[in-house]
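Visitor: For what it's worth, numbering that gives the first Met the number 0 labels the leading residue of the sequence shown as 0, then goes sequentially.
C-beta atoms are modelled at their ideal positions from N, C-alpha and C, and glycine is treated no differently.
Pasting a structure here, questions to come.
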Amino acid sequence: MGTPDFVLGLREDIGHKELFLPGVTAVVIRRRNESTTALDQPEVLLVQRSDNGIWSAISGILEPGDSPASGALREVQEETGVEARIVRVVGVSAGTPSIYPNGDQCRFIDIAFEMEWISGDPRVGDDESTNVAWFPANQLPEPFTEHHRERIEWALDAGAPSRF
0 MGTPDFVLGL REDIGHKELF LPGVTAVVIR RRNESTTALD QPEVLLVQRS
50 DNGIWSAISG ILEPGDSPAS GALREVQEET GVEARIVRVV GVSAGTPSIY
100 PNGDQCRFID IAFEMEWISG DPRVGDDEST NVAWFPANQL PEPFTEHHRE
150 RIEWALDAGA PSRF
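What follows is the structure, encoded as C-alpha coordinates:
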(Lines of atoms letter the chains of each structure in order from A; the text may use other names.)
(Lines give C-alpha, C1' and ligand atoms only; values in the text may rest on other atoms or scores of the structure.)
Protein backbone atom coordinates (compact mmCIF):
# COMPACT_ATOMS: atom_id res chain seq x y z
CA MET A 0 0.00 0.00 0.00
CA GLY A 1 2.87 2.44 0.63
CA THR A 2 2.49 5.64 2.61
CA PRO A 3 -1.06 6.11 3.95
CA ASP A 4 -3.00 9.11 2.64
CA PHE A 5 -3.27 10.67 6.09
CA VAL A 6 0.54 10.75 6.36
CA LEU A 7 0.84 12.30 2.90
CA GLY A 8 -1.61 14.99 4.01
CA LEU A 9 0.41 15.69 7.15
CA ARG A 10 3.58 15.93 5.06
CA GLU A 11 1.97 18.70 3.00
CA ASP A 12 1.69 20.72 6.22
CA ILE A 13 4.91 19.86 8.06
CA GLY A 14 7.33 18.92 5.30
CA HIS A 15 10.08 16.49 6.31
CA LYS A 16 9.92 17.12 10.10
CA GLU A 17 9.78 14.07 12.35
CA LEU A 18 6.40 12.40 12.79
CA PHE A 19 5.60 10.08 15.69
CA LEU A 20 3.52 7.27 14.18
CA PRO A 21 1.76 4.19 15.56
CA GLY A 22 2.84 0.97 13.90
CA VAL A 23 2.30 -2.76 14.23
CA THR A 24 4.46 -5.80 13.64
CA ALA A 25 2.76 -9.15 12.96
CA VAL A 26 4.84 -12.25 13.66
CA VAL A 27 2.81 -14.97 11.91
CA ILE A 28 3.83 -18.43 13.09
CA ARG A 29 2.89 -21.78 11.57
CA ARG A 30 3.36 -24.74 13.89
CA ARG A 31 1.39 -27.25 11.80
CA ASN A 32 1.34 -27.87 8.08
CA GLU A 33 -1.69 -28.18 5.80
CA SER A 34 -2.31 -31.80 6.84
CA THR A 35 -2.40 -30.62 10.50
CA THR A 36 0.74 -32.52 11.45
CA ALA A 37 3.12 -30.76 13.79
CA LEU A 38 6.23 -29.24 12.20
CA ASP A 39 9.67 -30.07 13.61
CA GLN A 40 10.46 -26.36 13.77
CA PRO A 41 7.90 -23.53 13.84
CA GLU A 42 7.88 -21.47 10.66
CA VAL A 43 7.65 -17.69 10.45
CA LEU A 44 6.01 -15.82 7.56
CA LEU A 45 8.33 -13.13 6.20
CA VAL A 46 8.29 -10.51 3.47
CA GLN A 47 11.23 -9.16 1.48
CA ARG A 48 10.88 -5.39 1.29
CA SER A 49 10.87 -3.82 -2.16
CA ASP A 50 12.59 -0.60 -1.00
CA ASN A 51 15.75 -2.17 0.42
CA GLY A 52 15.64 -5.95 -0.18
CA ILE A 53 15.71 -6.74 3.54
CA TRP A 54 13.57 -9.56 4.94
CA SER A 55 11.27 -8.75 7.85
CA ALA A 56 8.12 -9.69 9.69
CA ILE A 57 4.95 -8.06 8.39
CA SER A 58 4.57 -4.50 9.61
CA GLY A 59 2.78 -1.29 8.84
CA ILE A 60 1.38 2.03 9.99
CA LEU A 61 -1.96 2.14 11.76
CA GLU A 62 -4.52 4.21 9.90
CA PRO A 63 -7.14 6.46 11.50
CA GLY A 64 -9.87 4.24 12.91
CA ASP A 65 -7.65 1.15 13.14
CA SER A 66 -7.25 -0.62 16.42
CA PRO A 67 -3.80 -2.19 16.76
CA ALA A 68 -5.33 -5.66 16.34
CA SER A 69 -7.40 -4.78 13.27
CA GLY A 70 -4.41 -2.97 11.74
CA ALA A 71 -2.14 -5.99 12.24
CA LEU A 72 -4.71 -8.34 10.71
CA ARG A 73 -5.20 -5.95 7.77
CA GLU A 74 -1.45 -5.73 7.13
CA VAL A 75 -1.10 -9.54 7.08
CA GLN A 76 -4.02 -9.92 4.68
CA GLU A 77 -2.92 -7.06 2.36
CA GLU A 78 0.76 -7.99 2.23
CA THR A 79 0.55 -11.80 2.13
CA GLY A 80 -3.01 -13.00 1.44
CA VAL A 81 -2.76 -15.27 4.49
CA GLU A 82 -5.47 -15.60 7.13
CA ALA A 83 -4.19 -15.44 10.71
CA ARG A 84 -5.50 -14.90 14.20
CA ILE A 85 -3.99 -12.85 16.98
CA VAL A 86 -2.61 -14.84 19.89
CA ARG A 87 -1.20 -12.05 22.08
CA VAL A 88 0.71 -8.79 22.26
CA VAL A 89 4.39 -9.71 22.65
CA GLY A 90 5.78 -6.22 23.09
CA VAL A 91 5.44 -2.48 22.78
CA SER A 92 8.48 -0.38 21.96
CA ALA A 93 9.61 2.96 20.57
CA GLY A 94 11.94 2.84 17.61
CA THR A 95 14.91 4.92 16.63
CA PRO A 96 14.40 7.76 14.15
CA SER A 97 13.99 6.74 10.51
CA ILE A 98 15.01 9.02 7.66
CA TYR A 99 13.75 8.12 4.21
CA PRO A 100 15.51 8.87 0.89
CA ASN A 101 13.17 11.82 0.24
CA GLY A 102 14.13 13.37 3.62
CA ASP A 103 10.96 12.42 5.52
CA GLN A 104 11.64 11.67 9.18
CA CYS A 105 9.59 9.54 11.54
CA ARG A 106 9.72 7.49 14.69
CA PHE A 107 7.40 4.56 15.34
CA ILE A 108 5.78 3.30 18.50
CA ASP A 109 5.45 -0.39 17.62
CA ILE A 110 2.96 -2.91 18.97
CA ALA A 111 4.17 -6.41 18.13
CA PHE A 112 1.77 -9.36 17.96
CA GLU A 113 2.22 -13.11 17.94
CA MET A 114 -0.18 -14.42 15.31
CA GLU A 115 -1.14 -17.95 14.36
CA TRP A 116 -1.51 -18.98 10.72
CA ILE A 117 -5.03 -20.21 9.93
CA SER A 118 -5.02 -20.74 6.17
CA GLY A 119 -3.79 -19.59 2.81
CA ASP A 120 -0.69 -19.80 0.68
CA PRO A 121 1.46 -16.69 0.94
CA ARG A 122 1.72 -14.37 -2.06
CA VAL A 123 3.01 -10.88 -2.69
CA GLY A 124 -0.03 -8.71 -2.12
CA ASP A 125 1.19 -5.19 -2.89
CA ASP A 126 4.17 -3.17 -4.05
CA GLU A 127 5.77 -3.02 -0.58
CA SER A 128 7.44 -6.42 -1.02
CA THR A 129 9.00 -8.54 -3.74
CA ASN A 130 8.78 -11.91 -2.02
CA VAL A 131 6.78 -13.64 0.72
CA ALA A 132 7.75 -17.01 2.20
CA TRP A 133 7.76 -19.29 5.23
CA PHE A 134 11.10 -19.87 6.96
CA PRO A 135 12.04 -22.16 9.85
CA ALA A 136 12.28 -19.91 12.89
CA ASN A 137 15.88 -21.00 13.44
CA GLN A 138 16.91 -20.28 9.80
CA LEU A 139 15.93 -16.69 9.02
CA PRO A 140 17.15 -15.37 5.66
CA GLU A 141 19.69 -12.61 5.18
CA PRO A 142 19.69 -9.70 5.02
CA PHE A 143 17.25 -9.46 7.93
CA THR A 144 15.87 -6.61 10.04
CA GLU A 145 17.43 -6.95 13.50
CA HIS A 146 14.59 -5.42 15.49
CA HIS A 147 12.22 -7.90 13.80
CA ARG A 148 14.52 -10.76 14.82
CA GLU A 149 13.94 -9.65 18.41
CA ARG A 150 10.16 -9.55 17.94
CA ILE A 151 10.23 -13.06 16.45
CA GLU A 152 12.13 -14.27 19.53
CA TRP A 153 9.49 -12.64 21.72
CA ALA A 154 6.67 -14.33 19.78
CA LEU A 155 8.34 -17.76 19.95
CA ASP A 156 8.70 -17.46 23.72
CA ALA A 157 5.22 -18.91 24.28
CA GLY A 158 3.45 -17.68 27.35
CA ALA A 159 6.04 -15.06 28.22
CA PRO A 160 4.74 -11.69 29.38
CA SER A 161 4.68 -8.77 26.98
CA ARG A 162 7.87 -6.72 26.80
CA PHE A 163 7.85 -2.96 27.14
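In or out: E78 buried (at least 16 other Cβ within 10 Å) or exposed?
Guide: For the purposes of this step, residue 78 is taken as the residue at position 79 of the sequence shown. Flag for E78 reads buried.
Visitor: Work out the CA separation of A132 and W153 for me, nearest whole Å.
Guide: Position 154 of the sequence shown, counting from 1, holds the residue named residue 153. Position 133 of the sequence shown, counting from 1, holds the residue named residue 132. Cα-Cα distance, rounded: 20 Å.
Visitor: For V91, which of D50, I108, I53, Q40 has the nearest alpha-carbon?
Guide: For this step, residue 91 is matched to residue 92 along the sequence shown. When only C-alpha atoms are compared, the closest one is I108.
Visitor: According to DSSP, simplified to helix, strand and coil, what is G8?
Guide: Translated into positions along the sequence shown, residue 8 becomes position 9. Helix at G8.
Visitor: Which parts of the region 20–88 are runs of the alpha helix (DSSP H), unbroken and 4 residues or longer, counting only runs that do not cross its ends?
Guide: Qualifying alpha helix (DSSP H) stretches, in chain order: 67–79.
Visitor: What does a CB cutoff of less than 7 Å around V86 pick up in its chain, not counting 5 residues either side in sequence?
Guide: Your numbering for residue 86 matches position 87 in the sequence shown. Same-chain partners within the cutoff: E113, M114, E115.
Visitor: CB-CB under 7 Å to R150, same chain, minus the five flanking residues each way: which ones, in chain order?
Guide: Counting from one through the sequence shown, the residue named residue 150 turns up at place 151. Counting only Cβ-Cβ distances below 7 Å, and skipping sequence neighbours, we find T24, V26, A56, V89, G90, A111.
Visitor: Specify the secondary structure class of A157 as computed by DSSP and reduced to three states.
Guide: Here residue 157 refers to the residue found at position 158 when the sequence shown is read from its first residue. In this structure, A157 counts as coil in the three-state DSSP scheme.
Visitor: For E149, does the three-state DSSP call read helix, strand or coil?
Guide: Taking the first residue of the sequence shown as 1, we reach residue 149 at position 150. In the structure shown, E149 sits in a helix (DSSP, three-state: H, G or I).
Visitor: Is it the case that the region 93–101 contacts the region 66–78, given that we only count it when at least three CB pairs across the two stretches are under 8 Å?
Guide: Contact fails: fewer than three Cβ-Cβ distances are below 8 Å.
Visitor: Apart from the five residues on each side of it in sequence, which residues of its chain come closer than 8 Å, Cβ to Cβ, to F5?
Guide: Here residue 5 corresponds to residue number 6 of the sequence shown, with the count starting at 1. These residues qualify, in order along the chain: E62, P63.
Visitor: Compare the Cα-Cα distances from D39 to each of S128, A136, R122 and report the closest residue.
Guide: In the sequence shown, the residue the question calls residue 39 occupies position 40. Measuring from the Cα of D39, the nearest candidate turns out to be A136.
Visitor: Could you pull out every residue in the same chain whose Cβ sits closer than 6 Å to the Cβ of N164, ignoring the five residues on either side in sequence?
Guide: Summary: the structure shown does not reach residue 164, with the chain confined to residues 0 through 163, and so no result is reported for it.
Visitor: Could you name the residues that DSSP lists as bridge partners for L18?
Guide: Counting from 1 along the sequence shown, the entry for residue 18 is found at position 19. Answer is C105.
Visitor: What's the gap between the Cα of P41 and the Cα of D126?
Guide: Working through the sequence shown from its first residue, we reach residue 41 at position 42. Working through the sequence shown from its first residue, we reach residue 126 at position 127. In a straight line, the C-alpha of P41 is about 27 Å away from that of D126.
Visitor: For the beta strand (DSSP E) containing F134, name the first residue and the last one.
Guide: As a first step, residue 134 must be located in the sequence shown, where it is residue number 135. From DSSP, the beta strand (DSSP E) with F134 extends over 128–135.
Visitor: Residues bridged to E115 by DSSP?
Guide: Against the sequence shown, residue 115 aligns to sequence position 116. E115 is bridged to I28, R84.
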